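Participant: Right, I'll just put the structure down here and ask away after.
Protein chains: 2
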Amino acid sequence: MMTAASGGEDALTALTTLVGEDLEACNRLIVARMHSPVALIPQLAAHIVAAGGKRLRPLLTLAAARLCGYRGDRHVALAACVEFIHTATLLHDDVVDESALRRGQASANALFGNKPSVLVGDFLFARAFELMVQDGSLRVLAILSAASATIAEGEVLQLVTQNDTTTTEAQYLQVIEGKTAALFAAATRIGAVVADRPAAEEAALETYGRALGTAFQLVDDALDYAAEEERLGKTIGDDFREGKITLPVLLAFQRGDEDERGFWRRTLEAREQAPGDLARAQRLIEQHQALRDTVERARAYGEEALAALAIFPDGPERRALADIVAFCIARAR
Amino acid sequence: MMTAASGGEDALTALTTLVGEDLEACNRLIVARMHSPVALIPQLAAHIVAAGGKRLRPLLTLAAARLCGYRGDRHVALAACVEFIHTATLLHDDVVDESALRRGQASANALFGNKPSVLVGDFLFARAFELMVQDGSLRVLAILSAASATIAEGEVLQLVTQNDTTTTEAQYLQVIEGKTAALFAAATRIGAVVADRPAAEEAALETYGRALGTAFQLVDDALDYAAEEERLGKTIGDDFREGKITLPVLLAFQRGDEDERGFWRRTLEAREQAPGDLARAQRLIEQHQALRDTVERARAYGEEALAALAIFPDGPERRALADIVAFCIARAR
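Here it is in structure tokens:
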């Protein structure tokens, strides 16, 4: 029986060290392939691709391939594809959310404007597919093109449920499984595909990635009401200001009285927000133990992720992937 | 020696009739494949996909495949891919250009907002790649993923050269070859690929599509200064208001005196525009015969497109594709 190790950042460092050479090769490929004679493209892409990202998703692809005993180098290019798709969605997300900060720095849309952010996102997305075509696996192309459509569906559903306090937990889960978990699931699954492993291992890595991604997003949504801005490297209260209906809000809304529901409707539906409202939202969420229960939910997905790893032999890759579960959840502390 | 027939709209009707059953199958597939459980996606997509488009690009794919003697039905799905990619770029273009009208109707961004337009564009792009993967041709995937990256590069270059009267004709041509001609070229080229024809025919159809697309965009850029709004089905003067540096402006700027250049710098670079400025821009462009020469340039590309068809046997497909050249240029009258 595996349990999540206690380590937080250490787990990320350990994983990064484990696949260090592969990650360096992946980073070199990312820089080489975001080149374009149109200088603004690498400039803008470098701002987001090269600056401060954890590279969590490509790390997952690299480690999953090694976990499956893969000894070639195709996984490096596929990890770069995953990062390009992720980066394209970040650029478009920041435009859609009107975000000013990303990883503690001015976001690309704040710095370069919305227009190039939309178009450079399109470029990176197309470039990801060019890289996949060069790799030549129709199975990988099928997985990542389906994931890309699912991400867009999740993002649109998020937009539709925004400012709507009648959103259900099922809809919320559909949003985060689309916008976040689908790419985690694809990132880990293609590790098994590139290693040509049996369907059971592919399914196990898919389950691991999906559960991990769901846990990751649940914690992210908790952090938006809990963390200090500097520590988090993103503006807190973003979800509140945008009227995003996340699990902490859903739980506090369900558990609140009529007066409190009126508060949520005014601030999230009517988007009439005054100074002090974010603080009150944080108090209500705390009072109804909505953060604790959101993280508890994340922990349950974390256990599902760990369980999925059980069919693989013990070893440094399996331990590193198990510890990443703890890392994703430890961010909430 | 082929010459462009005199027909305008007739040529489009003839082409549509020639591949009528294929086009109907393509339209059915488009409607089926833009479906999503997230209802806003087909709603928004239907607004742009189903409403009023000429379907010029998928028509080119269908006719090119038949010209190459293809007798299967794979070209139908690939024509749908081409239209999905085109639609995705239209949605993003309208966001970037802040357009209020598209084909004479309220644009998707004006009706639904910028945010869903960005995300539904992403969805359609991903869906195009899913369809290509199902078709299973890595060569088609290579052509359309490269074209998609080139389109984004052209769009970014257009943004970079916007409001810059020092833009050269070479840069302008790079913009329109990217944003428009690349997809025309890919659309016709994959007709030869799906028919498994020799490289010479693939190259000829690529040349035809690229030259036709360039002519099409040149005429489009001329129309923005010449046509009446109702006839054109788009707001005229858009390029002027946005400060886009198109060939009519480049020619008028080159041929103008210092006073006129001051006018162009004020209106396009500083974007200080007053009532009457569009009319003056139109007069200057007329006076320097910049529209005539832009259309003349389009005609030269049209001749190149016609010449590329010469290696194919005479027949209804070749005649229809030749007449489409005349159609694209006749729009300027």
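These protein sequence lines map, in sequence, to chains A and B.
Take 6 as the starting number for the first sequence in our numbering and just add one per residue.
Take 6 as the starting number for the second sequence in our numbering and just add one per residue.
Idealized CB from N, CA, C, for every residue including glycine.
Note that this is a predicted model, so its numbers are computed, not measured.
Could you compute how far the alpha carbon of SER153(A) sits from the alpha carbon of ALA154(B)?
Facilitator: The straight-line gap from Cα to Cα measures roughly 16 Å.
Participant: Are LEU273(A) and GLY248(A) closer than 9 Å when you measure CB to CB?
Facilitator: yes
Participant: Does the beta carbon of ASN119(A) come closer than 9 Å to any beta carbon on chain B?
Facilitator: yes
Participant: Beta-carbon of GLU174(A) versus every beta-carbon of chain B: anything under 9 Å?
Facilitator: no
Participant: Which residue or residues does DSSP assign as beta-bridge partners of GLN110(B)?
Facilitator: ARG107(B)
Participant: Say whether chain B places a C-beta atom closer than 9 Å to the C-beta of ARG132(A).
Facilitator: yes
Participant: Residues in its own chain within less than 7 Å of LEU34(B) by CB, not counting five upstream and five downstream?
Facilitator: VAL81, ALA82 and ALA85
Participant: For SER97(B), go through chain A and note every residue whose CB falls closer than 8 Å to its CB, in chain order.
Facilitator: It should be pointed out that residue 97(B) corresponds to His in this sequence rather than to Ser. What HIS97(B) touches in chain A: VAL123, LEU124 and ASP127.
Participant: Please state the DSSP three-state secondary structure of HIS97(B).
Facilitator: helix
Participant: If you follow the alpha helix (DSSP H) that ILE46(A) is part of, which residue opens it and which one closes it?
Facilitator: 45-54
Participant: Say whether the segment 109-129 of chain A touches the segment 90-98 of chain A, bearing in mind that this needs 3 or more beta-carbon pairs closer than 8 Å, one atom from each stretch.
Facilitator: yes
Participant: Please confirm if MET6(A) has its CB atom under 9 Å from at least one CB of chain B.
Facilitator: At MET6(A), the pLDDT of 32 sits below 50, so the modelled position is not reliable and the matter cannot be decided from this model.
Participant: Do ALA151(B) and ALA191(B) have their CB atoms nearer than 9 Å?
Facilitator: yes
Participant: What residues from chain A crowd round VAL165(B), counting only those whose CB sits closer than 9 Å?
Facilitator: Those are VAL43, ALA44, LEU45 and PRO121, listed as they occur along chain A.
Participant: Would you mind sorting GLU263(B) into buried or exposed? The rule is 16 or more other CB atoms within 10 Å of its CB.
Facilitator: Residue environment analysis places GLU263(B) among the exposed positions, since fewer than 16 neighbouring C-beta atoms fall within 10 angstroms of its C-beta.
Participant: Thinking LEU23(A) and GLU322(A) are a contact (beta carbons under 8 Å), I'd like their distance in whole angstroms, please.
Facilitator: 7 Å
Participant: Are there 16 or more other CB atoms within 10 angstroms of the CB of GLN259(B), so buried, or fewer, so exposed?
Facilitator: exposed
Participant: Taking ARG1(B) and ILE334(B) to be in contact with their CB atoms under 8 Å, please state how far apart those CB atoms are, rounded to whole angstroms.
Facilitator: Residue 1(B) lies beyond the range of chain B shown here (6 to 338); nothing can be said about it.
Participant: Pick helix, strand or coil for CYS73(B), following the three-state DSSP scheme.
Facilitator: coil
Participant: Please state whether DSSP places VAL123(B) in a helix, a strand or coil.
Facilitator: helix
Participant: Is SER150(A) helix, strand or coil when you go by DSSP?
Facilitator: helix
Participant: Is the shortest distance between the beta-carbon of ALA115(B) and the beta-carbons of chain A less than 9 Å?
Facilitator: no
Participant: Give the single residue among ALA157(A), GLN287(A), GLY281(A) and GLU135(A) whose Cα lies nearest to the Cα of VAL43(B).
Facilitator: ALA157(A)
Participant: Quick check on THR173(A): buried or exposed, where buried means 16 or more other Cβ atoms within 10 Å of its Cβ?
Facilitator: exposed
Participant: Could you tell me if ALA279(A) is buried or exposed, where buried requires 16 or more neighbouring beta carbons within 10 angstroms of its beta carbon?
Facilitator: With fewer than 16 other Cβ atoms within 10 Å, it is exposed.
Participant: Would you say GLY141(A) faces chain B, with C-beta separation under 9 Å as the test?
Facilitator: yes
Participant: Would you say LEU188(A) faces chain B, with C-beta separation under 9 Å as the test?
Facilitator: no
Participant: Does VAL199(A) have its Cβ less than 9 Å from a Cβ in chain B?
Facilitator: Taking Cβ atoms only, chain B never reaches closer than 9 Å to VAL199(A), which makes this a no.
Participant: Would you report the Cα separation of SER142(B) and ARG60(B), rounded to the nearest angstrom?
Facilitator: 23 Å
Participant: For LEU256(B), which option in ALA275(B), LEU223(B) and ARG271(B) has the closest C-alpha, if you only look at C-alpha atoms?
Facilitator: Of the candidates ALA275(B), LEU223(B) and ARG271(B), the one whose C-alpha sits nearest the C-alpha of LEU256(B) is LEU223(B).
Participant: Is the segment 312-331 of chain A in contact with the segment 196-211 of chain A, if contact means three or more CB pairs nearer than 8 Å?
Facilitator: yes
Participant: Quick one: is SER112(B) near chain A, going by C-beta distance under 9 Å?
Facilitator: Contact of SER112(B) with chain A is not assigned, every C-beta pair being separated by 9 Å or more.
Participant: Does the distance from the C-beta atom of ALA327(B) to that of ARG194(B) stay below 9 Å?
Facilitator: no
Participant: Answer with buried or exposed for ARG76(A), where buried requires no fewer than 16 other C-beta atoms within 10 angstroms of its C-beta.
Facilitator: exposed
Participant: Alpha carbon to alpha carbon, how far is GLY196(B) from ARG266(B)?
Facilitator: Going from the Cα of GLY196(B) to the Cα of ARG266(B) covers about 45 Å.
Participant: Can you check whether the CB of GLY159(A) is closer than 9 Å to the CB of LYS184(A)?
Facilitator: yes
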